[in-house]
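Below is one structure, written out as structure tokens; comments come after it.
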Amino acid sequence: MNLAFGEPLGGGRAQDIALSPTDLLRSVYTIGSSGSGKSSAIETWVHQLIVNGDGFALIDVEDRLAPRVLAHLVDVGRNAIIIDPSIKVTPLNLLALHGQEPHIVVEAVLQTFERYWWASWGPRFEDIVRHTLLLLIE
């Protein structure tokens, strides 16, 4: 199923503008000035993914979009894994990320994650997790 995100304005054929499932395996960059609707567009895309039963990763450094996305997940009864370093009640234990060779440590963690989430595992997800883990090690 295509991920719709607009329709052309002006002349031409009336055809939805959408990302194909193949396109969704790649990175999507959303660029625009402040207040131009980037977060609203991403929220719409994520909502479509949730309704379709697809998985996704959301990195929200400003913590504005994540609460809205969580509301969509709750509405349809879906689960989420949330990593929020600002929560101090149950801190994330990152001892697994200590070691002499960061790349070897990351590969070991990736192999462990892949065993648990093999059904959702793919090259793009692995790439995102790899770079996130390397960033956490730094």
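Numbered by numbering that gives the first Met the number 0, the letters in the sequence shown go through residues 0 to 137 in order.
Don't be surprised by glycine CBs; every beta carbon is placed ideally from N, CA and C.
Computed from a predicted structure; not experimentally measured.
> Unbroken beta strand (DSSP E) runs of length 3 or more, entirely within the region 25-59: which are they?
Replying inline: none
> Nearest to valine 104 by CA position, among Gly121, Trp117 and His130, is which residue?
Replying inline: Here residue 104 is taken as the residue at index 105 of the sequence shown, counted from 1. The candidate whose alpha carbon is nearest that of valine 104 is His130.
> So what's alanine 79 in DSSP terms, helix, strand or just coil?
Replying inline: As a position in the sequence shown, residue 79 is number 80, starting the count at 1. If DSSP states are grouped into helix, strand and coil, alanine 79 belongs with coil.
> Just reading off the beta strand (DSSP E) that leucine 18 is part of, what are its end residues?
Replying inline: Working through the sequence shown from its first residue, we reach residue 18 at position 19. Here the beta strand (DSSP E) through leucine 18 covers 16-18.
>> For isoleucine 81, count the other beta carbons within 10 Å of its own beta carbon; 16 or more makes it buried, fewer makes it exposed. Which is it?
In response: Residue numbering aside, residue 81 sits at position 82 when the sequence shown is read from its first letter. By the 10 Å Cβ count, isoleucine 81 comes out exposed.
> Which two residues bound the contiguous alpha helix (DSSP H) that contains alanine 107?
Replying inline: Taking the sequence shown and counting its residues from 1, one reaches residue 107 at position 108. Counting along the chain, the alpha helix (DSSP H) containing alanine 107 begins and ends at 101-115.
> Near leucine 24, what residues of its chain come up, given a Cβ to Cβ distance below 8 Å and the 5 sequence neighbours on each side ignored?
Replying inline: Mapped onto the sequence shown, residue 24 falls at position 25. Closer than 8 Å at Cβ, skipping near neighbours: Gly121, Pro122 and Arg123.
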